[in-house]
Amino acid sequence: MDITLKNLGLIQEANFTVGDLTVICGRNNTGKTYITYATYGFLDYWHSGWPEVSPIPGFDMHPLETYARRLLHVACMEYSSNWISKIFVGGKNKFKNSTFYLDDDIYETPTVKSKNVKTLPKVFIASAERTGAALFQREVDFTRSRLIDILKETNVNPQQLLGHFTAEYPLPVKHNIDFIRDLPNIVNKQSIFTQEHPEVLQAFDDIAGGEYAINTAGGISYSPSNQPELNLSLAESSSTVRSLVEIGFYLRHLAQKGDLLMVDEPELNLHPENQRKIARLFAMLVNHGIRVFITTHSDYIIKEFNTLLLLNKSDERLQALAQREGYQPTELLKPEQLNVYMTTVDERVTDKISYTLIPAKITSDSGIELTSFNDTIEDMNRLQDEIVWG
């Protein structure tokens, strides 16, 4: 999927391709979340708000290919004009000049958006606010419900009053809250990994340090691997446990081949060892047919992706090294599977500070060439060497 964004937050214009594994890096406040949320918003809009087209028996495929592209073009225009502002917090005027364009082959047979067609991927997002969504969803719902009950005992219209206190959250955050709320129903489903690839779930449980479940009250409980008889609430669990809740339930109950999993800052609350492990987990997902899109500040994740690229060679020494270090073939990556971008100042814009994306060079010999982290690390090393050695 080739995507072009214009006039979105601090992004003047950015072009990028969503591949099997897409990584957006960059400094704080340079537009990474805008890019992520806008992409998520369009895919969600396509699947939930855009009409399906039924197959037409005997219809020539070639005109339908043209129609499919036209359908996607119109969807992008409609999304840019009327929907993109709903993805973010803020009025429509802030996004009146914003445009989102996606180019992709959404046809494969003479049907569009049907079960037999190559369509845009279904998307799931774990936002950077996922920890709060997991921890406070039930409390927020209870407080709101209790307030309505109290207001019903007065002469005040509860809906009218609550209308003045509606909190605004970006759409991905709202969907994270909705996901937590609907978990008692979601756990009745099985993902592709539950059915066919349990080793993926085992790799996730190793990062989480235990397993999640829904208790009889509909709340989330967590059992550490070293004390499986112990059932902890999220409030009693670590920040790492809370940050991984949504990813864990998605992988166990919803994930299907062809999906796109988007994770904003997967390193959130993770020790460097687990940051390396989650990079390996993402590679496993990619090799099992799940696309992954992340934003990250983690040098550990990037370097682990590098390792997965460099180990993937028909070299006896490297194969022995991979086996010695416990790397599985399903964790290794090819350069063509990976797209890495870095936000940088857009020098084409002179009247204000704007940002764009530049792609990182990726090869099987040198891995990912990315200066965003290396410059900072080298600067720290230089300073510490001078402090110690003079």
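The numbering of the sequence shown is our numbering, which starts it at 3 and goes up by one.
Backbone N, C-alpha and C define an ideal beta-carbon position, used for all residues, glycine too.
All values reported here derive from a predicted model rather than from experimental measurement.
Please report the straight-line C-alpha distance between residue i and residue j, rounded to a whole angstrom.
| i | j | result |
| --- | --- | --- |
| residue 252 | residue 189 | 9 Å |
| residue 271 | residue 68 | 47 Å |
| residue 349 | residue 356 | 8 Å |
| residue 274 | residue 104 | 35 Å |
| residue 73 | residue 79 | 10 Å |
| residue 370 | residue 301 | 11 Å |
| residue 215 | residue 367 | 43 Å |
| residue 365 | residue 337 | 6 Å |
| residue 296 | residue 230 | 31 Å |
| residue 334 | residue 320 | 12 Å |
| residue 31 | residue 22 | 26 Å |
| residue 130 | residue 268 | 8 Å |
| residue 233 | residue 77 | 46 Å |
| residue 294 | residue 283 | 10 Å |
| residue 49 | residue 304 | 31 Å |
| residue 383 | residue 133 | 33 Å |
| residue 318 | residue 332 | 18 Å |
| residue 111 | residue 299 | Reliability of the predicted coordinates at residue 111 is poor, the pLDDT of 44 falling under 50, and the value obtained from them is presented with this limitation in mind. Between residue 111 and residue 299, the C-alpha separation is close to 41 Å. |
| residue 262 | residue 387 | 43 Å |
| residue 353 | residue 192 | 52 Å |
| residue 330 | residue 3 | 29 Å |
| residue 47 | residue 87 | 12 Å |
| residue 119 | residue 292 | At residue 119 the pLDDT is 44, less than 50, meaning the model places this residue with poor confidence; the figure from the coordinates comes in the next sentence. The straight-line gap from Cα to Cα measures roughly 17 Å. |
| residue 236 | residue 316 | 45 Å |
| residue 328 | residue 172 | 40 Å |
| residue 343 | residue 222 | 36 Å |
| residue 243 | residue 19 | 32 Å |
| residue 309 | residue 266 | 22 Å |
| residue 313 | residue 95 | 49 Å |
| residue 5 | residue 219 | 43 Å |
| residue 276 | residue 170 | 33 Å |
| residue 93 | residue 25 | 29 Å |
| residue 264 | residue 35 | 11 Å |
| residue 70 | residue 122 | 12 Å |
| residue 97 | residue 106 | 24 Å |
| residue 194 | residue 259 | 7 Å |
What residue range does the alpha helix (DSSP H) around residue i cover?
| i | result |
| --- | --- |
| residue 246 | 241 to 255 |
| residue 286 | 274 to 289 |
| residue 201 | 200 to 210 |
| residue 88 | 86 to 89 |
| residue 6 | No alpha helix (DSSP H) holds residue 6; the beta strand (DSSP E) holding it covers 4 to 10. |
| residue 196 | 194 to 197 |
Buried or exposed: residue i, going by 16 or more other Cβ atoms within 10 Å of its Cβ?
| i | result |
| --- | --- |
| residue 248 | buried |
| residue 391 | exposed |
| residue 75 | exposed |
| residue 361 | exposed |
| residue 311 | buried |
| residue 351 | exposed |
| residue 33 | buried |
| residue 325 | exposed |
| residue 238 | exposed |
| residue 175 | buried |
| residue 99 | exposed |
Relative to the alpha-carbon of residue i, which residue among the options has its alpha-carbon at the smallest distance?
| i | options | result |
| --- | --- | --- |
| residue 186 | 278, 235, 217, 381 | 217 |
| residue 345 | 289, 246, 8, 16 | 16 |
| residue 199 | 223, 231, 286 | 286 |
| residue 45 | 34, 25, 92, 125 | 125 |
| residue 227 | 106, 220, 205 | 205 |
| residue 10 | 26, 20, 40 | 40 |
| residue 101 | 93, 309, 84, 233 | 84 |
| residue 197 | 225, 173, 256 | 256 |
| residue 377 | 180, 29, 82 | 29 |
| residue 358 | 184, 13, 6 | 13 |
| residue 89 | 363, 42, 375, 254 | 42 |
| residue 181 | 289, 127, 260, 211 | 127 |
Which stretch, first to last residue, makes up the beta strand (DSSP E) that contains residue i?
| i | result |
| --- | --- |
| residue 363 | 363 to 365 |
| residue 175 | No beta strand (DSSP E) contains residue 175, which is instead part of the alpha helix (DSSP H) from 173 to 183. |
| residue 295 | 293 to 298 |
| residue 14 | 13 to 19 |
| residue 226 | 222 to 226 |
| residue 24 | 23 to 27 |
| residue 30 | Note, residue 30: premise wrong, no beta strand (DSSP E); not H, not E. |
| residue 345 | 340 to 347 |
| residue 265 | 262 to 266 |
| residue 351 | Taken as a continuous stretch (DSSP letters only), residue 351 belongs to no beta strand (DSSP E), as it is neither H nor E. |
| residue 219 | Where residue 219 is concerned, there is no enclosing beta strand (DSSP E), given that its DSSP letter is neither H nor E. |
| residue 130 | Per DSSP, residue 130 belongs to no beta strand (DSSP E) and is neither H nor E. |
| residue 103 | 101 to 105 |
For chain C, is any of its Cβ atoms less than 9 Å away from the one on residue i?
| i | result |
| --- | --- |
| residue 171 | The structure shown contains no chain C; it holds only a single protein chain. |
Item to complete: Jot down the residue ranges of each uninterrupted beta strand (DSSP E) in the region 305 to 335, minimum 3 residues, whole runs only, in chain order.
Response: none
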